[in-house]
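Participant: Here it is: the structure, laid out below.
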Amino acid sequence: MTEPAITTDDVNPLNPVHPPLTVTSVEQAPLRVWKFWGTALWGLLVFVAMFVGQVGAILLLVAMRGLPLDMDSIQSVGREPQALALSVIMGLPATLAAVWLAIRLKKASFVDYLALHWPTWRQLLLGAAGLILVVMTWEIVSRSLGREATPGFMTDLLKSGRDKGAALLLLFAFSVAAPMSEEVLARGFLFRGWSASFLRVPGAIILSSLVWTAVHLQYDLYFLAEVFSIGLWFGYMRHRANSLWLTIVLHALNNMTAVVLTMWLGS
């Protein structure tokens, strides 16, 4: 016995037997990203924006104190722990604004472009374990070579900030503002664009780590090598977990540990 044919009159919203036919699409449009040169040029602009935000904070402090706007005044104020902390903090909104503009011009999602997705606990534990292994390896090498585990000028800065009442401001600057600014630039914007170019993921991890290392040129070659190795691990975890929040948290934990140990527990 055959079933009666379904007519167009049967298919309507009020018919519980034959509801309207709907077609859902499971495919999503590919994310529009800047490729190699676009990412490189915008990355340079983002870095300039970060620099302008940081220098702008120093210039504002100089102007508020009524000092002449010359290099002597800028350098004098810039060496103060409170001023340096404010400078690092003000680099964050400038960085975010420049990255937002670059992504906006591509009409892409800010969250998806930067992979601002929360990692799982397993990914967080794996990332932390790898970071500890890398840091401890360099600690062992430093001790065997008779080197300081922390650059001397950073030790002096942090202890001076502690003695002058700027400990919490420096802690926030180096454990929150700096990791967010640097990760958004390196493992966020640069990695996204370069991994979609001819570099692919391995090349993007290496090149973004080199750029991140170049941001720390105040260190000597030994510490730059350590920064680069940490950057490689961060880049791998950014790819593996597809989460920028993961590397931000790892970066923050690494910096916070160094700051706390130097300020309060170091000899």
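According to the working numbering, the sequence shown is numbered sequentially starting from 268.
All residues carry an ideal CB built from backbone N, CA and C; glycine is no exception.
#1: Grab the span of the alpha helix (DSSP H) containing residue 300 for me, first residue to last.
#2: Start and end of the alpha helix (DSSP H) containing residue 422?
#3: Let me know if residue 490 comes out buried or exposed under the rule of 16 or more other beta-carbons within 10 Å of its beta-carbon.
#4: Whole-angstrom Cβ separation of residue 517 and residue 504, contact assumed at under 8 Å?
#5: Can you grab the Cα-Cα spacing for the pair residue 383 / residue 422, in whole Å?
#6: Considering residue 460, what are the terminal residues of the alpha helix (DSSP H) in which it resides?
#7: Can you find the residues in the same chain that come closer than 8 Å, C-beta to C-beta, to residue 328, ignoring five residues on each side of it along the sequence?
#8: Could you tell me whether the Cβ atoms of residue 456 and residue 366 are closer together than 8 Å?
#9: Taking the straight line between their C-alpha atoms, what separation do you get for residue 380 and residue 413?
#10: For residue 427, I'd like the list of residues in its chain whose CB is within less than 7 Å of its CB, leaving aside the five on either flank, ordered along the chain.
#11: Report, in whole angstroms, the separation of the C-beta atoms of residue 471 and residue 462, which I expect to be a contact under 8 Å.
#12: Along the alpha helix (DSSP H) that carries residue 336, what are the first and last residues, could you check?
#13: Can you tell me which of 298, 296, 306, 299 puts its alpha carbon nearest to the alpha carbon of residue 466?
#14: Determine the DSSP secondary structure at residue 471, reduced to helix, strand or coil.
#15: Determine the closest residue to residue 363 out of 387, 451, 417, with distance taken between C-alpha atoms.
#16: Please state the DSSP three-state secondary structure of residue 375.
#17: Quick check on residue 486: does DSSP put it in helix, strand or coil?
#18: Cα-Cα, which of 311, 424, 389 is closest to residue 478?
#19: Please say whether residue 301 and residue 432 have beta carbons closer to each other than 8 Å?
#20: Using only alpha-carbon positions, find the residue among 498, 332, 485 that is nearest to residue 475.
#21: Hey, could you find the ends of the alpha helix (DSSP H) residue 526 is sitting in?
#22: Of the residues 333, 336, 355, 337, which one's Cα is nearest the Cα of residue 320?
#23: Which of the three DSSP states, helix, strand or coil, is assigned to residue 501?
Facilitator: For this structure:
#1: First-last for residue 300: undefined, no H or E at that position.
#2: 419-430
#3: buried
#4: 7 Å
#5: 33 Å
#6: Looking at the DSSP string, the run of the alpha helix (DSSP H) that includes residue 460 is 458-462.
#7: Once the five neighbours on either side are set aside, the close Cβ partners of residue 328 are 344, 350, 353.
#8: yes
#9: Spanning the two alpha carbons is a distance of roughly 43 Å.
#10: 348
#11: Between residue 462 and residue 471 the Cβ distance is about 4 Å, and since that is below 8 Å, they are a contact.
#12: Element bounds for residue 336: n/a, residue is neither H nor E.
#13: 306
#14: helix
#15: 451
#16: coil
#17: coil
#18: 311
#19: no
#20: 498
#21: 511-527
#22: 355
#23: helix
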